[in-house]
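Engineer:
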Ligand code: SF4
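Next comes the structure, spelled out in structure tokens:
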């Protein structure tokens with residue numbers, strides 16, 4: 176499996192997307208840690224209907240609690 180094969184993030188213009196470098200998830204995770212956010216791949220599992228209001232920890236908690 177390639178580094179980007181399991182990534183479900185559709186933002187191919189993001190410089191952190193694994194399609195755009197050879198560092199796998201590292202840049203994405205680093206950005207999420209710095210901004211206190213949860214990566215898109217996890218949101219896409221918890222929230223396949225894409226009702227999320229944002230990507231912060233609180234937005235993820237809200238999605239999970241509404242299930
Ligand atoms: S952590 Fe980021 S780069 Fe890695 S699979 Fe998830 S969304 Fe894609």
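In the working numbering, the protein residues as written are 176 to 242. Positions of the beta carbon are idealized from the N, C-alpha and C atoms, including for glycine. All of these numbers come straight from a predicted model, not from anything done at the bench.
Report whether the distance from the Cβ of residue 232 to the nearest heavy atom of the ligand SF4 is below 7 Å.
Structural biologist: Residue 232 sits at position 57 when you count from the first residue of the chain shown. No, the beta carbon of residue 232 sits no closer than 7 Å to any heavy atom of the ligand SF4.
Engineer: Is the closest heavy atom of the ligand ATP to the C-beta of residue 204 under 7 Å?
Structural biologist: Absence of the ligand ATP is noted for the structure shown, with the ligand SF4 being the only ligands found.
Engineer: Cβ of residue 235 versus every heavy atom of the ligand SF4: is any distance shorter than 7 Å?
Structural biologist: Locating residue 235 in the chain shown gives position 60, counting from the first residue. The answer is no for residue 235.
Engineer: Quick one: is the Cβ of residue 223 within less than 7 Å of any heavy atom of the ligand SF4?
Structural biologist: Residue mapping note: residue 223 aligns to position 48 of the chain shown, counting from 1. No; taking the cut-off as 7 Å, the Cβ of residue 223 has no heavy atom of the ligand SF4 nearer than that.
Engineer: Which residues mark the beginning and the end of the alpha helix (DSSP H) in which residue 219 is found?
Structural biologist: As a first step, residue 219 is located in the chain shown; it is residue number 44 there, counting from the start. It spans 215-221 - the alpha helix (DSSP H) in which residue 219 sits, taken as one unbroken run.
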